[in-house]
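**Student:** Residue numbers (the working numbering): 1 to 79. Every residue, glycine too, gets a C-beta built ideally from N, C-alpha and C.
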C-alpha cells in the first residue's frame, strides 16, 4: 500500500509542479513605461516597488506603485 501511495503522491506532485509552472509562465511583462508614471516628479526610473494583486474572476490586476520620493498610486490594469 505504501508503494501505491508513493506513486499517487508523485503524480499529484507532478501535477502541482506543472500547474505552478503554467501559472508562472502566464506572467506578462509590463508593456509600457508610462504605466509607472505616478506624477510629474515620479517617472519610471524613480519607481522603487510595484505590486500586482489579482482581482478574482475579472482577469484584471490592481497595481500598487511606490516611488523613491514617497509618492504612491494604484490603478487597475489587465497585464
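Starting from residue 47, follow the beta strand (DSSP E) in both directions and report where the run begins and ends.
**Tutor:** 47-55 is the span of the beta strand (DSSP E), which, as asked, contains residue 47.
**Student:** Between which two residues does the beta strand (DSSP E) holding residue 61 run?
**Tutor:** Element bounds for residue 61: 60-67.
**Student:** Could you give the distance in angstroms between the alpha-carbon of residue 18 and the alpha-carbon of residue 11?
**Tutor:** Between residue 18 and residue 11, the C-alpha separation is close to 11 Å.
**Student:** Buried or exposed for residue 76, please, with buried defined as at least 16 other CB atoms from any protein chain shown within 10 angstroms of its CB.
**Tutor:** Exposed, because fewer than 16 other Cβ atoms sit within 10 Å of the Cβ of residue 76.
**Student:** If you measure from the beta carbon of residue 50 to each beta carbon in chain C, is any gap under 7 Å?
**Tutor:** The structure shown contains no chain C; it holds only a single protein chain.
**Student:** When DSSP labels each residue in this structure, what does residue 72 get in the three-state scheme?
**Tutor:** Reduced to three states, the DSSP call for residue 72 is strand.
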